[in-house]
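Asker:
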Amino acid sequence: MKSTVSAGLLGLLSLVCCVGGAAEPAGGITYIPLQFRTISGVRPFIDVEMGGKKFLMKVHSGAELTMMTIHAHAQAAGVTGMKHVGSYGISKPGEVSQLGMDAGVLPEMTVAGKTLRNLPISVFEIPQDPPVDGMLGSKWLKALRAIVDYDKLRFGLPATPEDNVLEDQKLLGEGYIAHRFTFNDANGSYQIDGEIDGVKTPMTLVTVAENVVDIELAREAGIPLGPVFDTYAGPGGAVGDAYLAKRMVRLVVDGQTVVSDRPQIYDTYAYHGEPRKAARDNAHSVRLGADFLLANQAVIDFGTNTLFLRPLSVTDPAAAGK
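Residue numbers (the numbering used here): 2 to 323.
Okay, here's the thing in structure tokens:
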């Protein structure tokens, strides 16, 4: 059976649905396990094949691209049409890679029993201690209408848009609360509105790592800085101090009070190597990461742009009773 992702949906992929693999269909959705590893925070991965070779790819909605891998893996996977596009990527924290960034085409990838053909792929270095094969980014998740389930710890690829809608209805029937988020075409990020300690702010929905608050927003919200416990390492080579919030902070997402957290706090503009702007935007305010998604037993439907969260009475009954 053959189907294609429309040109209007980013014009990214040609999709061929195949039979095979260990994945089992659930209705019109094929699910495979999410595998979690701790690499600068908790991060989900899935098994894929590229060019007939097996790779473990990070599911990263904060990576504002289709997908990426490092130069050695690009060669092994048979990436074609490589063109140098600039200086980007780090070989280790604070050290910009001399290989720079290339763009090419991945002829074939198999994931969750489906074969994807002629994918645009970015090729640049990321730290390899421990090894990371690559990332499936925000545009890839959108184009495939992927479902990432932090409750059942699984990754799903629906066969049709109707399968996304049916899954959403099922989640509502299970007591989930639905929240719409938006895709920011300008920066390739997913945005949802919320509050942190009573201060309204746009937030970025990211499938990986810790929750992060920009240092200036933390000061505005009256969140005191705790100890410096880590060093952030930005993709352009920036490094700096990362603080732990001195106390728990109250989070509200699209009107729903969710599990409180002690987020990381650092200069998110410096992390991205960008000058600070006068007005807040979602990319530099609050990042809701895997810690948030796991704590709230979340399910993200990238096909319908819907975030499903368990009510606080389920995730934190003691807090809900206060």
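The C-beta atom is built at its ideal place from N, Cα and C for all residues, glycine as well.
Per DSSP, what kind of secondary structure is Lys-153 in: helix, strand or coil?
Answerer: Lys-153 sits in coil when the DSSP states are folded into three classes, being neither helix nor strand.
Asker: Relative to the C-alpha of Asn-1, which residue among Ile-193, Glu-217, Ser-286, Tyr-267 is closest?
Answerer: An answer regarding residue 1 cannot be provided, because it is not within the stretch 2 to 323 covered by the chain.
Asker: Distance check for Gly-29 and Tyr-244, CA to CA, integer angstroms please.
Answerer: The C-alpha of Tyr-244 lies about 44 Å from the C-alpha of Gly-29.
Asker: Can you round the beta-carbon distance between Gly-101 and Tyr-89 to whole angstroms, since I take them to be within the 8 Å contact cut?
Answerer: 6 Å
Asker: Kindly indicate the opening and closing residues of the alpha helix (DSSP H) around Asp-231.
Answerer: No alpha helix (DSSP H) contains Asp-231, which is instead part of the beta strand (DSSP E) from 226–234.
Asker: Can you tell me which of the three DSSP states Ile-336 falls into?
Answerer: A question about residue 336 goes unanswered here, because the residues of the chain that appear run from 2 up to 323.
Asker: Rounded to whole angstroms, what's the CA-CA distance from Ala-321 to Met-249? Just pull it up for me.
Answerer: Cα-Cα distance, rounded: 15 Å.
Asker: Between the segment 277–291 and the segment 126–136, can you find at least three pairs of beta-carbon atoms closer than 8 Å?
Answerer: no
Asker: Going by DSSP, what residue range makes up the alpha helix (DSSP H) through Glu-163?
Answerer: Per DSSP, Glu-163 belongs to the alpha helix (DSSP H) from 162–174.
Asker: Less than 8 Å between the C-beta atoms of Gly-52 and Gly-79, yes or no?
Answerer: Going by beta carbons, Gly-52 and Gly-79 fall inside the 8 Å limit.
Asker: By a C-beta neighbour count over all protein chains shown, 10 Å radius and 16 as the cutoff for buried, is Ala-246 buried or exposed?
Answerer: With 16 or more Cβ atoms within 10 Å of its Cβ, Ala-246 is classed as buried.
Asker: Tell me the rounded alpha-carbon separation between Gly-174 and Glu-168.
Answerer: 10 Å
Asker: Within the chosen definition, does the segment 250–264 reach the segment 211–223 through at least 3 CB pairs nearer than 8 Å?
Answerer: yes
Asker: Express the C-alpha separation of Ala-64 and Gly-238 in angstroms, rounding to a whole number.
Answerer: Those two C-alpha atoms are separated by around 16 Å.
Asker: Considering Gln-99, what are the terminal residues of the alpha helix (DSSP H) in which it resides?
Answerer: Counting along the chain, Gln-99 falls outside any alpha helix (DSSP H), and DSSP gives it neither H nor E.
Asker: Taking Arg-155 as the reference, which of Val-213, Ala-113, Lys-140 has the closest Cα?
Answerer: Ala-113
Asker: Could you check what DSSP says for His-72 in three-state terms: helix, strand or coil?
Answerer: helix
Asker: Taking Lys-93 as the reference, which of Tyr-233, Pro-264, Thr-316 has the closest Cα?
Answerer: Tyr-233
Asker: Please list, in chain order, all residues of the same chain as Met-83 whose beta carbon is under 8 Å from its beta carbon, the five residues on each side excluded.
Answerer: Excluding positions up to five away in sequence, the list reads Ala-75, Asp-103, Ala-104, Gly-105, Val-124.
Asker: Could you give the residue range of the alpha helix (DSSP H) that holds Leu-142?
Answerer: 139–145
Asker: Can you list, in chain order, the stretches of the alpha helix (DSSP H) that have 4 or more residues and sit fully within the segment 274–312?
Answerer: 291–296
Asker: How many Å lie between Lys-3 and Met-58 at the Cα?
Answerer: Residue placement at Lys-3 is poorly supported in this model, since its pLDDT is 34, which falls under 50; the coordinates are not used for a value here.
Asker: At which residues does the alpha helix (DSSP H) containing Ala-321 begin and terminate?
Answerer: 318–321
Asker: When you compare each of Glu-196, Lys-54, Gly-274, Phe-303 to Phe-184 by their alpha carbons, which one comes out closest?
Answerer: Answer by Cα proximity: Phe-303.
Asker: Work out the CA separation of Gln-36 and Phe-293 for me, nearest whole Å.
Answerer: 17 Å
Asker: Let me check understanding here. Comparing Cα to Cα, which of Tyr-32, Asp-242, His-273, Val-213 lies closest to Gln-265?
Answerer: Val-213
Asker: To the nearest angstrom, report how far apart Arg-44 and Leu-117 are at their CA atoms.
Answerer: 23 Å
Asker: Using CA coordinates, which residue listed in Gly-223, Val-149, Met-68 is at the minimum distance from Glu-126?
Answerer: Met-68
Asker: Return the residue from the list Asp-317, Gly-199, Ala-299 that minimises the CA-CA distance to Ile-178.
Answerer: Ala-299
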